[in-house]
Amino acid sequence: MTPEIVIACYRYDTFNIEEVVFVVLPEKTEDPPTGSACTLNMGMTLLAVILIAVLFATANNINEQCQVHNERWITCSCIGNEEFFLPEAYNYMNTLSVSVTGCVSANLHYSSFPEASNIEEVIVQNISGNLNFDVFLSSSHMKLLKLSNIGRIPMIASHTFTNLKAIDTLTIEDAFIETLEEEFAYINISHFIMRNVTIERVYCLNVSEKGTKLRIVNSKLHNVMETLNFANFLNIEIIGSKFEMQKPGLMSIQGDVAIVKNNIFSNVSMNLVTTTAIVINGICADGKSTLRLSSRSIDSTDNRLPNEIAYPGNDQRGEPLTEFLTIRNNTVCKAGNCKCSISSGQASCLIHVYTIYVFLLTEFIFIRYL
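If you use my numbering, the sequence shown corresponds to residues -16 to 353, in order.
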């Protein structure tokens, strides 16, 4: 008698387990099926498994480069040296995360996922050539936006984050950006991290909402056309970086604790105000740069500027009262020419940052109990 043939197939992925059962009923029999979930002769079993595996692989892929996990997580990677285009025919309505990695060039265009109103995470990394990041993100809150190890980004346009109200972590690292039009105005960015980034042209940065951490390390912002504003971050680190304005302009930073080390400022009038402490050293400024510091505790050491550093905390209303002020070895350069070099101090600046944090924490506890 021909037994009842049952193929019970299970698909496993990172986020979901599904069971699909195909039943073939040749001739009815009273004999119960024996064995486990799949009872077939070996040839039919092998053929069925191959066919089902192919069907599942097709159902789980958008194309050769992109896989969908549980209809919510999309991971894309390039197979060879081809150019990547995010598939536009796919419906991204339920998508929470998109990741693209390992391509010579990649394209995320304005029309890529306009319906992805629930997207929480976009990661693009390891793009050796161009990343055309001309997207419009329609979600209001993102957990992570990460652009890492990118050869060249021609532009981040002003319409990119129009709908966004909050980003938990914005990370740009090891990247070259030709033009940054986006201002990040009215977006609550909890962690703003920029590391080893060069931006050739910046229109304006206005990170005006409260955040937890601002960290700019070994980065260069050239040809800033208007102001740079970083407001209300609890912890601020600006280390080994260069800020260059086309014409004399304002850089305003506010927060709780700030470490500013081994940076170069050109035509920048920086106003740094914190409630608890400022450690600023190894600064070199040229052009028509000025520096104004206000905090309860200030440690200002080994800075070179065209003119004297201003400490207005004791004589202006609304400024924190400066109770602990340390000034050592600051220099006003002759004829305003400080001959700044971006290489000075960069190698050693990161070694001492945690020591400074311990110092600030100890000092903060001491101040609190005075």
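For glycine and all other residues, C-beta sits at the position ideal for the given N, C-alpha and C.
All values derive from a computational prediction rather than experimental measurement.
For this session: May I have a chain-ordered list of the beta strand (DSSP E) segments no shorter than 3 residues that lie completely inside the segment 165 to 253?
Result: 171 to 185, 188 to 190, 194 to 200, 203 to 207, 211 to 222 and 225 to 244
Problem set entry | Between the CA atoms of residue 314 and residue 116 - distance to the nearest angstrom | Each residue's alpha carbon lies about 43 Å from the other.
Exercise. Helix or strand or just coil, what does DSSP make of residue 126?
Worked result: strand
For this session: For residue 324, count neighbouring C-beta atoms within 10 Å of its own C-beta (all shown protein chains included) and say buried if the count is 16 or more, exposed if not.
Result: exposed
Problem set entry | residue 354 (DSSP reduced to helix, strand or coil) | Given that the chain is displayed from residue -16 to residue 353, the structure contains no residue 354 and the question cannot be resolved.
Problem set entry | Beta-bridge partners of residue 106, as assigned by DSSP | 82 and 129
For this session: Give the straight-line distance between the Cα atoms of residue 137 and residue 288, rounded to the nearest whole angstrom.
Result: Separation of residue 137 and residue 288 (C-alpha to C-alpha, rounded to the nearest whole angstrom) is 34 Å.
Problem set entry | Given residue 81 as reference, the closest of 96, 88 and 72 once Cα atoms are compared | 96
Exercise. In chain order, what residues of the same chain have a beta carbon less than 7 Å from the beta carbon of residue 188, not counting five sequence neighbours either side?
Worked result: 166, 167, 211 and 212
Exercise. Below 9 Å between beta carbons: does that hold for residue 305 and residue 277?
Worked result: A contact, by the Cβ cut-off of 9 Å.
For this session: To the nearest angstrom, report how far apart residue 259 and residue 194 are at their CA atoms.
Result: 16 Å
Exercise. What separation, rounded to the nearest whole angstrom, lies between the Cα atoms of residue 23 and residue 44?
Worked result: The pLDDT assigned to residue 23 is 43, lower than 50, so where the model puts this residue is not dependable, and the model offers no usable value.
Exercise. Which residues mark the beginning and the end of the beta strand (DSSP E) in which residue 52 is found?
Worked result: It spans 49 to 52 - the beta strand (DSSP E) in which residue 52 sits, taken as one unbroken run.
For this session: Output the distance between the C-alpha atoms of residue 233 and residue 209, rounded to the nearest integer angstrom.
Result: Between residue 233 and residue 209, the C-alpha separation is close to 8 Å.
Exercise. With DSSP run on the structure shown, which of helix, strand or coil describes residue 112?
Worked result: strand
Problem set entry | Close Cβ partners of residue 90 (< 6 Å) along its chain, the five nearest in sequence each way excluded | 68 and 115
Exercise. Nearest CA to the CA of residue 161: which residue from 191, 321 and 135?
Worked result: When only C-alpha atoms are compared, the closest one is 135.
Exercise. Taking the DSSP output, what are the residues bridged to residue 267?
Worked result: 247 and 287
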